[in-house]
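Remarks on the structure that follows.
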Amino acid sequence: MGDAVSPIGVAGPRSAALETLALGLDCPNGNDFRQLRVERPSAFLLLTTLEGVPLAELRAAIDAGTRIITLEPLAATLAQAQDTLFSNHPGVITFAPDFLSGQGYRAAADPHDQINAPRLVRMTHLGRPHEGSLLARLLDAWATILKFSSLPEAITATLSGKPDNLRLASGFLAAHAHVPAGPGILLEVSDQAAHPQRLLSVLAQQAQLTVDDTHYRLQTSNNQPLDDATASTPGDATATPPFAQCIANQWRRLIDRTAPESARDPARIDAALACAQACLLSARTGEPENPSKLLRIAGR
103 MGDAVSPIGV
113 AGPRSAALET
123 LALGLDCPNG
133 NDFRQLRVER
143 PSAFLLLTTL
153 EGVPLAELRA
163 AIDAGTRIIT
173 LEPLAATLAQ
183 AQDTLFSNHP
193 GVITFAPDFL
203 SGQGYRAAAD
213 PHDQINAPRL
223 VRMTHLGRPH
233 EGSLLARLLD
243 AWATILKFSS
253 LPEAITATLS
263 GKPDNLRLAS
273 GFLAAHAHVP
283 AGPGILLEVS
293 DQAAHPQRLL
303 SVLAQQAQLT
313 VDDTHYRLQT
323 SNNQPLDDAT
333 ASTPGDATAT
343 PPFAQCIANQ
353 WRRLIDRTAP
363 ESARDPARID
373 AALACAQACL
383 LSARTGEPEN
393 PSKLLRIAGR
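The numbering of the sequence shown is my numbering, which starts it at 103 and goes up by one.
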């Protein structure tokens, strides 16, 4: 972030890494989130873990004027989503790094007019260990896919390891989904990959859209270019930006306000969470699962 921010405090579960980070930033550290909030009120809070962070304290921070950037979804189930802050504080809580807020997608002119009636939507969302949880990546992937598709009728998924909840999920997930009169959907997500990659591909009868973290390309079905752009990034613009760089790019825009960040649509996030839950359920049962049914059960 360079000179864009001035760190004033670090808190988290006690560890040597926490103390090393605080020492490098030359600011106090501790393991009490409430104490950090009260003694070190800030313009921004970068939330990298939910461990030891009560939602009541997040509400208090927001009421005091703090904007929150979170790397982890506040809700891992639809029931929890009813208690989170997204619907009450749109735009105050920002998920990062959000693919649709990334440089590649932002470089694209609105492609929806050209990508009329998509036939296939494919999303690859891979990261190395400690670069975003599987839950965070899975929700971001579905939030992106649902920008180009209605809610699937059935999702079939496989997952290495089958935890009881999404918050604990880790490993390698693959899924395909059926949308009535809509596109086929393919999805691959991992928090254990050797090389990070976020890639969206949308195919329609007459056009194809390809977007990654730095670049997008829109072309006709016979390979004629319609639009093409590479976002300006430090260093090699063709390389995948490091995880931290994607967060920093999004955070700088929030500070600069040169291009206001659009808040995530709560209804689409609910739908993405239902799809993520359907993935976990399908991986456990070995059967297709319907996210609409999960939404109805949750009263959405």
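Where a beta carbon is used, it is the ideal one built from N, C-alpha and C, also for glycine.
Helix, strand or coil for residue i, going by three-state DSSP, please let me know.
i, result
"G65", "Because the chain is modelled from 103 through 402, residue 65 falls outside the range shown and cannot be assessed."
"F197", "strand"
"D330", "strand"
Assign residue i to buried or exposed, taking buried as 16 or more other Cβ atoms, counted over all protein chains shown, within 10 Å of its Cβ.
i, result
"I247", "buried"
"D242", "buried"
"A163", "buried"
"P156", "exposed"
"A296", "exposed"
"H227", "buried"
"L270", "exposed"
"L125", "exposed"
"D338", "Because the pLDDT of D338 is 47, which lies under 50, any placement of that residue in the model is unreliable, and the question is left without a value."
If you draw a straight line from the alpha carbon of residue i to that of residue j, how long is it in whole angstroms?
i, j, result
"Y318", "E290", "20 Å"
"S144", "Q137", "13 Å"
"T335", "L253", "Note that T335 scores a pLDDT of 49, beneath 50, so its modelled location is shaky and nothing firm can be said."
"S272", "D293", "6 Å"
"T387", "D358", "47 Å"
"E146", "V194", "It should be noted that the sequence gives Phe, not Glu, for residue 146. Cα to Cα, F146 sits roughly 10 Å from V194."
"L397", "L383", "14 Å"
"I170", "Q299", "25 Å"
"Q379", "A385", "10 Å"
Where do the ends of the alpha helix (DSSP H) carrying residue i lie?
i, result
"A256", "It is not in any alpha helix (DSSP H) - A256 instead sits in the beta strand (DSSP E) that spans A256 to L261."
"E141", "F135 to E141"
"F345", "F345 to D358"
"Q321", "Segment H317 to T322 is the beta strand (DSSP E) holding Q321; no alpha helix (DSSP H) there."
Is there a Cβ from chain C that is less than 8 Å from the Cβ of residue i?
i, result
"D330", "Note that chain C does not occur in the displayed structure, where there is just one protein chain."
How far does the beta strand (DSSP E) with residue i in it extend, from its first residue to its last?
i, result
"L413", "The structure shown does not extend to residue 413, since the chain spans only 103 to 402, so no value can be given for it."
"T179", "No beta strand (DSSP E) holds T179; DSSP gives it neither H nor E."
With a threshold of 8 Å, are at least 3 pairs of Cβ atoms found where one atom belongs to the segment 279-299 and the other to the segment 205-218? no
With three or more beta-carbon pairs closer than 8 Å as the criterion, would you say the segment 345-361 touches the segment 192-206? yes
Taking 8 Å as the threshold, find out whether the segment 383-394 comes into contact with the segment 258-278 through three or more Cβ pairs. yes
Below 8 Å, can you find three or more Cβ-Cβ pairs linking the segment 123-131 to the segment 106-114? yes
Could you say if the segment 323-334 and the segment 229-243 meet the contact criterion of at least three C-beta pairs nearer than 8 Å? no
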